[in-house]
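K.L.:
Below is a structure I'd like to ask you about.
Protein chains in written order, with our numbering: chain A, 1 to 281; chain B, 282 to 747; chain C, 748 to 1490; chain D, 1491 to 1664.
Structural data, given as structure tokens:
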């Protein structure tokens, strides 16, 4: 009976997340690292994302109205401040931006129907068939990485036989639902199921996201942060970035790791490594 | 005390009522019934013309919605980050509109301010209908309207519930409660008048009113229970009304966006709501006074009081508006400050300045008696005030989307499509349609309370004369 | 029918093919099923390796560009769903670029040609293969009397056994006219490289360099083998982190990743390079590296003169020279913007001379390993070849023209009357997967298998390590019954020309298999022929370890003329720099929706063409973004929206190539304009190659304005947010970081 | 002895008041003050005061409704949250206090209002408090006094009414 459940587990129901070592005993906590010094802005990852996740091509008109559906977009900035220099002497600044899978996600709180919520393995999931399209999540997302199906794309985005390319592991979203980067959850699920049947945990490098797999410079690293030996876990540790902290006290100098909008206390699961430039050049 | 005056001439032309004259204590009660019931008689052609117009407007709105439903929200030219556009802005506008009616009526009722009596009926009707209009926008803005019931907490085998953390769910609950209570309040206040209608009506209408008046005969027992119940509901309604718009404010205040994440939003919203509501009351007051020849009941002194009240509220709103700017300006939230500056200087600057002018400067017209006495000016002013209030809502929504945290998604230009405008206009059609129907089916002036009013006043006068 | 293995494979593909229809219901919103277009069928005894719901990977080779990356195709229920990099391939290193990803859209393109077309009464009409082949054999079959120059085969960059087959086919006419045209040809650079470094296509050891000085070489974007280069670049950026200096008139993707980017006037790269050479040679240790006359001639290249000509600040020359001296080994590269000039070869030579001076040859520059099958290596395309073809057509000499993988009517410059000359050819055949502008002018258009449906082999002209032959195998059953493999068609003709040599090969598969297995000894494989073949298919590559060869540098070929300023033609005040997008290239990929919608890396514009103009210039001319400009050269004019682009030499305007198709399917048609058409007839003095970057233009405002369709929002700056943080190299402890680059 | 009704119409409250006063003082046999009902177009507390105490119980309903609404509101919401499968959202506790307070508050008011209305209806003895005699002029401006008494007393009562200038006397005569 629900009431007894409420009373029995009251204390556990009152826990706030994220907290220190939240995933210490968990099997999985998916995380990512993006090295902005390696990223060349070549768009391989974005195209891979289109291919893997059945992203619709919206066409010129819709794109011009700002209705693009790229879960993963590469932003190009010409400077940190508000003034444009005459020449970009140190090149452009590329930023692959996708859902940051926040541990304390602003979108999750406001969804009226709980279509977006946090999974035990630390993903910010989006349940398409629960979504009613209030777009409150997008309104409250500081990164603006949630994309809404403004049109009935299944009817217009894949003229025959393009639909044959669609990935059967990923649903094609109908009009009126919100969608976003899922860390290629279909791949994760498959790998987890495989591992479960073998009675083990998913090994590091066994599964990765489409973007990370494609990236010609391997700027993107993906993996299981609950496994301290995994590539991502090592990098996070090396960069001394604490998942559950909103102010990173770093012991060492010269570390490049940072999270975007840390001060908003969204606790993103994506770690960016600062872009490096030779100032003498 | 009741002198039989020959009132054969009232049917033909309006009696002259001097401007300053308040309601006449010696007016025959039968006369009150006659005058009010007359407003419910067979409408004049002009009524049908206006009704047809609003019906057409509503029809167009429905067409736009159907088109949007079929094609997807893309036709509204919404985008990322401009995800809400006019829909939510107009939603807040209507919610705000709904506030004065019931809230003022309740407050004044508790305070025994008898000048409320001739005007509260239509004000409460206004509340109810603007709530029903606001409700439409909640549905209209959904991507999948056909799944709207997911927001309702109903038991199901999957153990899925709405997300009670979401201000939208609070909204749904609050608005539901408010609508129900408002309707109960409106209906209760009407029962004695419905009895009057029953007693005068014939045929089908008689049956109709007979049913609605719940066997009211004005017995002492009925009056006693009625008084207590009505007062209690009034007491409930005051905090409720306040909570409703505070909750609408939390839709924004609870979210994290710059320009929304502001502590003073709830009172700010409530003030804005009362403000637009009062303005709307003035508008309808003037219209009804003219159309139904209610000069004797909706007297200038009452309008005067309403105007002064509106002015006071306008100043409260202005104050809250300014401290919102101030707190952002002196606060350490650089993003919020950025957004504020953007509002004043960016793409939306004209609307923003217009909003501030209409909201804070125009109401000073209400400060002058000469202005307050001029119905035409008051009509224009009240309409302007509501334009300003609509702009306020628009200025809350769009600029924050256009200039939020994330520079990459700053929009350089965004304008709603005709579909959005169509649905917004449609909502006005829908509202006036409902209101016009109400005026013909129910008494827009509370007859029994006007009687109470004149009775008590004449008693008081007698007491003075002794 | 063919050998036993084939039957297996074909059977297996057929099985998949049937299921292909059934499987489409899984993903695509069920429309096709509901509408009854496709039937759901159950597997009838599926092959044991075809598990419904499980994706299987098959190795193949990417044919999107000439790099020959090994790829893995994910096949599920008989449909190829996605391509990934093939870890066996040293070229791709298990990675893949946007172009490669989009290969599936070549395959599934809704505008693909599904039946042969024949010209009847002036227009192309669908016809049957029998009719088509009958016509073809009538003209080019056994009875054909065409000789030598009367027949020509025009292709894009083609390699492997397809190339060999084309050669054999032309041999049967005693013709040598295999015309390879590449609109983005690097022939000039290769010539210079051959002269100075002794190798047309030397190996670039980017990861070994500590400093890269690139004159407009876009090795990360539209260069040769970008995926491989990107992997090298990643290692180059790891500790000890190398420094990249880019000098070019218009910022390329590589330039966007440079530590330091210099804008200079187009065509003056050579001058700048010689300026550097001069600065270096003032230091004794380099004195011996170049002949005395050159050293003497360089005297005039003092920094002021150079600065005056190139428009780069005078201090830049000693600074860069200093960097070059500090960091060894370094690597100096020349690129299209330097080579596509009237003095292109000279520029390139001057740039490469720096490598000689700095002694990079043998360190960061090496010769490619000698290839056992040189005839399979892709031959470099050139513009000269196209002009020759054009002349022979115009003179009426050319009687039959076959075209595959090339679209000159779109990509040839406007002043070259290619279309008109083509009309003079009585018999023109195009072999295409989708009709393009050139095919639309042909008399016979044959629908080809997509690269994902056909067998083939690829040998890139750039072999990063040892020797790699990429094997291309079908990843699924042909989508359309009426399409055929390129190889099969050519083979059919050859069988008619030389029955005795070719009757042994029922189809291209058999031909390829035999060809590969015959090469087994070279790869020192102990396997049986069949196993060797299956193994090649499984891994997708044939590899041979071979050491890089030494380079024989020769500085004396560098011509050092007197430095002189450009003469400015007042009527055409702006330099015109056509930019090459890594995804659209010369426009052959403009029919792929993913690439059309993937924002251009530097401008984030989609689905369109644009004119890049420097903000300062735009301010002078009062041009705002979205203003429609007319860009007019002596040879023509195009209109496009203005885009304010800071990565540009202020006297320069730039337009991207690849857009402006008129007959290339729904996704390409009407998108943007084609800047190829306004290039001036200017040629490199030494090689006679088209000087693509030498055109000068005038900008006219039309007064019209349109919204720019781009991903970028109202600002292109970070506005004080910490989005992309940048740290100085000496502040970052890269050495302590765990490198995770695929080796 | 059978009880019958009689009802008199009065012009204003004074006359009606006097009539009532007299009825009260005249302790007629077969007539009780409880059986008197006033029907008036507006409420007139002083007049009804003459009828003696007639308590109203609406507030009790209100109280019950409010309390019920608050308690069930919170319990239902909290237990629903506790059993929702997709629990964790934005790192907030599964059962967060502030949102639940808001919702509890709304339900507290809703139930309060509805119960008040219900209470009032019960107070009116709905459905079917059909009083035998009614005059439509009551809803206009007249005050009516309805009396139920032994038929013997009726004449006396009517006499009182007429003495106080009642406009009209209606009654059921057997």
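Glycine included, C-beta positions come from ideal geometry on N, C-alpha and C.
Predicted model only: the values in this text are computed from it and were never measured.
Determine the direct distance from the alpha carbon of residue 1320/C to that of residue 1329/C, and round the result to whole angstroms.
P.N.:
28 Å
K.L.:
The alpha helix (DSSP H) spanning residue 1234/C covers which residue range?
P.N.:
1233 to 1244
K.L.:
Tell whether a beta-carbon distance below 9 Å holds between residue 414/B and residue 375/B.
P.N.:
yes
K.L.:
Rounded to the nearest angstrom, what separates residue 1588/D and residue 1569/D at their Cα positions?
P.N.:
15 Å
K.L.:
Beta-carbon separation of residue 1492/D and residue 1641/D under 9 Å?
P.N.:
yes
K.L.:
Just the Cα atoms here: how many angstroms apart are residue 662/B and residue 560/B?
P.N.:
8 Å
K.L.:
Taking Cβ-Cβ distances shorter than 7 Å, what residues in chain C pair up with residue 159/A?
P.N.:
In chain order: 857.
K.L.:
Would residue 400/B and residue 726/B qualify as a contact pair, given that the criterion is a beta-carbon distance under 9 Å?
P.N.:
Cβ distance < 9 Å, so residue 400/B and residue 726/B count as in contact.
K.L.:
State the Cα-Cα distance for the pair residue 1451/C and residue 1377/C, rounded to the nearest angstrom.
P.N.:
10 Å
K.L.:
Among the candidates 1563/D, 1564/D, 1615/D and 1499/D, whose CA atom is the shortest distance from the CA of residue 495/B?
P.N.:
1615/D
K.L.:
With the cut-off set at 9 Å, would you say residue 908/C and residue 1209/C are in Cβ contact?
P.N.:
no
K.L.:
Just curious, the alpha helix (DSSP H) that residue 913/C is in, first and last residue?
P.N.:
907 to 918
K.L.:
Inspect the CB distances between the region 378 to 392 of chain B and the region 518 to 537 of chain B and report whether three or more fall short of 8 Å.
P.N.:
yes
K.L.:
Does the beta-carbon distance from residue 1392/C to residue 997/C come in below 9 Å?
P.N.:
yes
K.L.:
Which full runs of the alpha helix (DSSP H) of 4+ residues lie inside the region 326 to 413 of chain B, going along the chain?
P.N.:
326 to 352 and 366 to 391
K.L.:
Looking only at its chain, what residues have a beta carbon closer than 6 Å to the beta carbon of residue 95/A, apart from the 5 residues adjacent to it on each side?
P.N.:
75
K.L.:
Which same chain residues end up closer than 7 Å to residue 1536/D when comparing Cβ atoms and leaving out the 5 residues on each side of it in sequence?
P.N.:
none
K.L.:
Unbroken alpha helix (DSSP H) runs of length 4 or more, entirely within the region 435 to 504 of chain B: which are they?
P.N.:
When DSSP assignments are scanned along the region 435 to 504 of chain B, the uninterrupted stretches of alpha helix (DSSP H) that are 4 or more residues long and fall wholly within it turn out to be 448 to 481 and 484 to 493.
K.L.:
Quick one: Cα of residue 1160/C to Cα of residue 1170/C, how far?
P.N.:
17 Å
K.L.:
Going by beta carbon distance, what residues of the same chain come within less than 6 Å of residue 682/B, once the five residues before and after it are set aside?
P.N.:
362 and 363
K.L.:
In the DSSP assignment, the beta strand (DSSP E) including residue 1325/C goes from what residue to what residue?
P.N.:
1321 to 1326
K.L.:
If we cut at 9 Å on Cβ distances, does residue 136/A have a partner in chain C?
P.N.:
no
K.L.:
Just verifying my parser: in three-state terms, what is the DSSP assignment at residue 89/A?
P.N.:
DSSP, read as helix, strand or coil, puts residue 89/A in coil.
K.L.:
Quick one: using the 10 Å Cβ neighbour count with 16 as the cut-off for buried, is residue 440/B buried or exposed?
P.N.:
exposed
K.L.:
Here's the rule I'm using: 16 or more other beta-carbon atoms within 10 Å means buried, otherwise exposed. How should residue 1454/C be labelled?
P.N.:
exposed
K.L.:
Distance, Cα to Cα, residue 218/A vs residue 98/A?
P.N.:
Distance between the alpha carbons of residue 218/A and residue 98/A: 17 Å.
K.L.:
Three Cβ pairs or more, each shorter than 8 Å: is that satisfied between the region 122 to 135 of chain A and the region 35 to 55 of chain A?
P.N.:
no
K.L.:
With a threshold of 16 other CB atoms inside 10 Å of the CB of residue 774/C, please say whether the residue is buried or exposed.
P.N.:
Because the pLDDT at residue 774/C is just 37, under 50, the model does not fix this residue reliably, and the point stays unresolved.
K.L.:
Among 888/C, 1428/C and 1408/C, whose alpha-carbon lies nearest the alpha-carbon of residue 1157/C?
P.N.:
1408/C
K.L.:
Mapping the DSSP letters down to three states, classify residue 1395/C as helix, strand or coil.
P.N.:
Looking at residue 1395/C - three-state DSSP - the assignment turns out to be strand.
K.L.:
Measuring alpha carbon to alpha carbon, tell me which of 326/B, 569/B, 532/B and 720/B ends up nearest residue 106/A.
P.N.:
532/B
K.L.:
Whole beta strand (DSSP E) runs in the region 11 to 51 of chain A with 3 or more residues, listed along the chain?
P.N.:
30 to 35
K.L.:
Could you tell me which residues DSSP pairs with residue 1075/C in its beta bridges?
P.N.:
Answer by DSSP bridge pairing: none, since residue 1075/C is not bridged.
K.L.:
On the CB-based measure, 16 or more other CB atoms within 10 Å of its CB, does residue 611/B come out buried or exposed?
P.N.:
exposed
K.L.:
Please return the same chain residues whose Cβ sits closer than 6 Å to the Cβ of residue 820/C, not counting the five positions on each side in sequence.
P.N.:
805, 807, 827, 830 and 1222
K.L.:
Find the residues of chain A that neighbour residue 1565/D, judging by a C-beta separation of less than 7 Å, and give them in chain order.
P.N.:
Ordered by position in chain A, the residues that pass the 7 Å Cβ test against residue 1565/D are 3.
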